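Just below is one structure, and these are the notes that go with it.
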Amino acid sequence: MAITVNLYAGMERIAGGSSVLLQHKPNMTIEGLLRQLIQQYGDEMRAELVNLKTGEFASSVIIFNGKAMPLLPNLEKQIQDGDEISLITFCAGG
Amino acid sequence: MKYQGYAGKILRVDLSNNKVTMENVDETLVRQYLGGNGFGIKYLYEEVPAGLNPLDPTNRLIIMSGPGEGTMLPGAGRAVVITKSPLTNHFIDSYFGGHFGAELKYAGYDGIIIQGKADKPVYLLIDDDKVTIEDASDLWGLNTFQTQFKLREKLGEDISTLAIGPAGERMVPLACIISGVSAAGRGGTGAVMGSKNLKAIAARGTQDVAVADIEGFKQYVKSVVERIKAHPGTGKNLPAYGTTASIKTNHDLGILGTRNWQQEQFEGAIAINGTTIKEKGYGIGSITCVACPIACSQLTLVNQGIYKGALTIGPEYETLFALGSTCGNANVESIVRGDQMCDEYGLDTISVGAVIAFAMECYENGIIGKEETGGIELNFGNHEAIISLIEKIACQEGMGKILGHGAKRAAEYFGRGAERFAIHVKGLEVPAHSSRGLPGMAIGYATSNRGGSHQDGRATGERTGQVDRDVIEGKGRYAANVQRMTALCDSIITCRMTENIYGLIGITDDHVQMVRLITGMDLNKEELVDIADRIYTLERVFNIREGDESRKTDTLPARFMEEPIPGGPSAGKVITPEILNKLLDEYYEERGWDKNTGYPTAQTLKRLGLEQVIKDIYPLR
Numbered sequence: 005m006a007i008t009v010n011l012y013a014g015m016e017r018i019a020g021g022s023s024v025l026l027q028h029k030p031n032m033t034i035e036g037l038l039r040q041l042i043q044q045y046g047d048e049m050r051a052e053l054v055n056l057k058t059g060e061f062a063s064s065v066i067i068f069n070g071k072a073m074p075l076l077p078n079l080e081k082q083i084q085d086g087d088e089i090s091l092i093t094f095c096a097g098g
Numbered sequence: 209m210k211y212q213g214y215a216g217k218i219l220r221v222d223l224s225n226n227k228v229t230m231e232n233v234d235e236t237l238v239r240q241y242l243g244g245n246g247f248g249i250k251y252l253y254e255e256v257p258a259g260l261n262p263l264d265p266t267n268r269l270i271i272m273s274g275p276g277e278g279t280m281l282p283g284a285g286r287a288v289v290i291t292k293s294p295l296t297n298h299f300i301d302s303y304f305g306g307h308f309g310a311e312l313k314y315a316g317y318d319g320i321i322i323q324g325k326a327d328k329p330v331y332l333l334i335d336d337d338k339v340t341i342e343d344a345s346d347l348w349g350l351n352t353f354q355t356q357f358k359l360r361e362k363l364g365e366d367i368s369t370l371a372i373g374p375a376g377e378r379m380v381p382l383a384c385i386i387s388g389v390s391a392a393g394r395g396g397t398g399a400v401m402g403s404k405n406l407k408a409i410a411a412r413g414t415q416d417v418a419v420a421d422i423e424g425f426k427q428y429v430k431s432v433v434e435r436i437k438a439h440p441g442t443g444k445n446l447p448a449y450g451t452t453a454s455i456k457t458n459h460d461l462g463i464l465g466t467r468n469w470q471q472e473q474f475e476g477a478i479a480i481n482g483t484t485i486k487e488k489g490y491g492i493g494s495i496t497c498v499a500c501p502i503a504c505s506q507l508t509l510v511n512q513g514i515y516k517g518a519l520t521i522g523p524e525y526e527t528l529f530a531l532g533s534t535c536g537n538a539n540v541e542s543i544v545r546g547d548q549m550c551d552e553y554g555l556d557t558i559s560v561g562a563v564i565a566f567a568m569e570c571y572e573n574g575i576i577g578k579e580e581t582g583g584i585e586l587n588f589g590n591h592e593a594i595i596s597l598i599e600k601i602a603c604q605e606g607m608g609k610i611l612g613h614g615a616k617r618a619a620e621y622f623g624r625g626a627e628r629f630a631i632h633v634k635g636l637e638v639p640a641h642s643s644r645g646l647p648g649m650a651i652g653y654a655t656s657n658r659g660g661s662h663q664d665g666r667a668t669g670e671r672t673g674q675v676d677r678d679v680i681e682g683k684g685r686y687a688a689n690v691q692r693m694t695a696l697c698d699s700i701i702t703c704r705m706t707e708n709i710y711g712l713i714g715i716t717d718d719h720v721q722m723v724r725l726i727t728g729m730d731l732n733k734e735e736l737v738d739i740a741d742r743i744y745t746l747e748r749v750f751n752i753r754e755g756d757e758s759r760k761t762d763t764l765p766a767r768f769m770e771e772p773i774p775g776g777p778s779a780g781k782v783i784t785p786e787i788l789n790k791l792l793d794e795y796y797e798e799r800g801w802d803k804n805t806g807y808p809t810a811q812t813l814k815r816l817g818l819e820q821v822i823k824d825i826y827p828l829r
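Taken in sequence, the protein lines are chains A and B.
At position 5 of the first sequence (counting the first as 1) the number is 9 in my numbering, and the numbers step up by one without a gap.
At position 616 of the second sequence (counting the first as 1) the number is 824 in my numbering, and the numbers step up by one without a gap.
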């Protein structure tokens, strides 16, 4: 089993696909998953997820097993094996 | 003028009398209205009487910059067109990017007020202090880009221009104004310009724009640029994709208007997403407005198929929705072509797409048939029909004559229950942001002074997780605070692309700082809120004075209140009349408006220094 992570725009380009599988780890959280993505794909992925001036994750929305929710209040949310998470790209303006 | 950031003069152009005069900008006007939309509504309110036909020569076409234009402030590469809309018969302000706003300031003017009607096609030439009304017989009939190219050939490459196309010349209520490649898209500004026989404006200037604290301002701009570059949204996503990659994300969130909002997920989302445009090799570069480090505008060229050669700036997210998902159209090449046609003819892509989607739903439900469509099979997804109808709307041929008046009036014309499919607020077609899935956006639409616009209320806070979209309570107050931010930013004038940097859910210390550094006015947040409220309230009173704006009209299309989103992560979401009423109560309370009528109270009008308009909406007092 694994965790399915759906990616968009720049994150999709960096990972080479719109969906990647990550190995589940015990006590894994959303924040842990984001850090694993950064570790796996490097600074380019970091720039897609983190405000490089503050060092904090940028506010965004995730879809966690079909339910949309704000990212930042859910960073500590536990992830189970088999979960599916979509990391919605931040876009203001328009 | 003791305040900086202003040229200090406004041009008044009387086309009926072939006369140009200059007026000083009053310091009281600056302190009370700041610039942009504020200046615009003050002049419009005083000079356009209630009940006036928007295409009457007496209507004003007002073009304004703000104190930010012509400075280095990131996002201040804009200007605004303000008028009484021929589409809604209400106030409209529509903003455009590029260089014109800055160039106008460099020429020595904060804005232009155009009145009357020329007896033949003309253009306005502003060359520093030399301002003339020129013959435009050779430009009439050309599209927006041909017109601007011809002016550059004639006047020099350093000229900045705006123009109408054939749609504006024909006074189509969906006509827009194009400046460079950017559109003042909404509300029929192009038709008002066409009604005045004004084909174009060209401006060039050589003067400086002074700011109050140049060293402080330079430091501030440097820090803003750093913050823009550091944020994933403005540093990565917008420069790479503009707004185009939001199609797929909003589809996955279940908030992408599809088939005239019958659904909010589109099976063709990937096919029309910005990433696909790039993968197909259609992206050929990006361009930027003056003084902007983001460069969000994507240049797109189709290199294959029946639409090979289609070239446009964009299509933006709004247009991918309007000519794409809401028309059930997954052919991205046709969207590029349709976007190009709308820009060339000078048409608002949002309203054009929305009115075509409306007609498609009418057709599929038997309200109209081939007799009305001129033989076109107007089913959702028929991209050739979309292209054909854009031309018919621009040229006012066949059904285009009806659709060119917008969904509300077209529905009244068709009758037979078509009103249910007309997705508009106060006559302006609703753009690409979900009401049902984003309650803060819903109340923002219902109370927008422009009608169905996403530029008064905003979707961004809920769409980016800064505000929880599942929470209803408090969204009335939230919408008022977002509108305060947008009203203030539209007076300074800054671009929405920088909203996440300067503050997107209310007025912030950044707004305080930029106003102080540029103008020298040391105003705190509460004082800036008062300016924003004064502007927004006067726009509201303008609409009330027209006789039909009230709590009753602060509403949403029936579909958003009666039909829950049918599927996806937003399934079941709906803004029932009960929810809307609750949010309206909250909203009016926050604004100091009467909960029964939706009118600003006399007390609120007095507090904002608007005593003089009380008699206009409370005539019996």
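Built from N, CA and C at the ideal position, the CB exists for glycine as well.
Bear in mind that the values here come from a model prediction, so they are computed numbers and not experimental data.
| Check | Outcome |
| --- | --- |
| Could you tell me which chain B residues have their CB closer than 9 angstroms to the CB of residue 81 of chain A, listed as they occur along the chain? | Correct list: empty, because the minimum Cβ distance to chain B is about 13 angstroms. |
| Is the separation between the beta-carbon of residue 374 of chain B and that of residue 295 of chain B shorter than 8 angstroms? | no |
| What's the C-alpha gap between residue 407 of chain B and residue 413 of chain B? | 21 angstroms |
| Measuring alpha carbon to alpha carbon, tell me which residue in B:496, B:718, B:759 and B:739 is nearest residue 424 of chain B. | B:718 |
| Comparing the C-beta of residue 45 of chain A with each C-beta of chain B, is any distance below 8 angstroms? | no |
| Check whether the Cβ of residue 812 of chain B lies closer than 8 angstroms to any Cβ atom in chain A. | no |
| Distance check for residue 691 of chain B and residue 811 of chain B, CA to CA, integer angstroms please. | 21 angstroms |
| Taking all protein chains shown into account, decide if residue 746 of chain B is buried (16 or more other Cβ within 10 angstroms of its Cβ) or exposed. | buried |
| Mapping the DSSP letters down to three states, classify residue 30 of chain A as helix, strand or coil. | coil |
| Output, in sequence order along the chain, the residues in the segment 457 to 471 of chain B whose CB is closer than 7 angstroms to any CB in chain A. | 457, 460 and 461 |
| Could you tell me whether the Cβ of residue 691 of chain B comes closer than 8 angstroms to any Cβ of chain A? | no |
| Is there a Cβ of chain B sitting closer than 8 angstroms to that of residue 31 of chain A, yes or no? | no |
| Distance check for residue 822 of chain B and residue 797 of chain B, CA to CA, integer angstroms please. | 19 angstroms |
| Determine which residues of the segment 61 to 73 of chain A have a Cβ less than 7 angstroms from any Cβ of chain B, and write them out in chain order. | 62, 63, 64, 65, 67, 70, 71 and 72 |
| The beta strand (DSSP E) spanning residue 222 of chain B covers which residue range? | 217 to 222 |
| On the CB-based measure, 16 or more other CB atoms within 10 Å of its CB, does residue 829 of chain B come out buried or exposed? | Legend: pLDDT at residue 829 of chain B = 49, less than 50; position of this residue unreliable, value from coordinates given subsequently. Residue 829 of chain B is exposed by the Cβ-count criterion. |
| Is the separation between the beta-carbon of residue 764 of chain B and that of residue 633 of chain B shorter than 8 angstroms? | yes |
| With distances taken between CB atoms, is the gap from residue 564 of chain B to residue 528 of chain B smaller than 8 angstroms? | no |
| Could you give the residue range of the beta strand (DSSP E) that holds residue 689 of chain B? | Per DSSP, residue 689 of chain B belongs to no beta strand (DSSP E); it is in the alpha helix (DSSP H), 683 to 700. |
| In terms of residues, what are the limits of the beta strand (DSSP E) holding residue 345 of chain B? | Taken as a continuous stretch (DSSP letters only), residue 345 of chain B belongs to no beta strand (DSSP E), as it is neither H nor E. |
| Measuring CB to CB, does residue 472 of chain B end up less than 8 angstroms from residue 778 of chain B? | yes |
| Taking contact to mean at least 3 C-beta pairs separated by less than 8 angstroms, is the segment 626 to 644 of chain B in contact with the segment 581 to 594 of chain B? | no |
| Straight-line CA distance for residue 304 of chain B to residue 287 of chain B? | 6 angstroms |
| Does the beta-carbon of residue 663 of chain B have 16 or more other beta-carbons within 10 angstroms, so that it is buried, or is it exposed? | buried |
| Quick check on residue 10 of chain A: does DSSP put it in helix, strand or coil? | strand |
| Please report the Cβ distance between residue 743 of chain B and residue 246 of chain B, rounded to the nearest whole angstrom; I am assuming they are in contact, meaning their Cβ atoms lie under 8 angstroms. | 4 angstroms |
| Between residue 52 of chain A and chain B, is the shortest Cβ-Cβ distance under 8 angstroms, so that the two count as touching? | yes |
| Report the rounded CA-to-CA distance for residue 253 of chain B versus residue 750 of chain B, giving the unit in angstroms. | 6 angstroms |
| Please list the terminal residues of the continuous beta strand (DSSP E) segment that includes residue 410 of chain B. | 406 to 412 |
| I'd like to check one pair, residue 297 of chain B with residue 754 of chain B: are the Cβ atoms closer than 8 angstroms? | yes |
| If contact means a Cβ-Cβ distance below 7 angstroms, which residues of the segment 430 to 442 of chain B contact chain A? | 434, 435, 438, 439, 440 and 441 |
| Could you pull the start and end residues of the alpha helix (DSSP H) that residue 503 of chain B belongs to? | Looking at the DSSP string, residue 503 of chain B is not in any alpha helix (DSSP H), and its letter there is neither H nor E. |
| Provide the residue(s) that pair with residue 335 of chain B in DSSP beta bridges, ordered along the chain. | B:338 and B:412 |
| Give me the residue from A:15, A:21 and A:58 with the minimum Cα distance to residue 42 of chain A. | A:15 |
| May I ask you to list, following chain order, the residues of the segment 768 to 783 of chain B that have a beta carbon less than 9 angstroms from some beta carbon of chain A? | 776, 777 and 778 |
| Since residue 54 of chain A sits in a beta bridge, which residues does DSSP pair it with? | A:61 |
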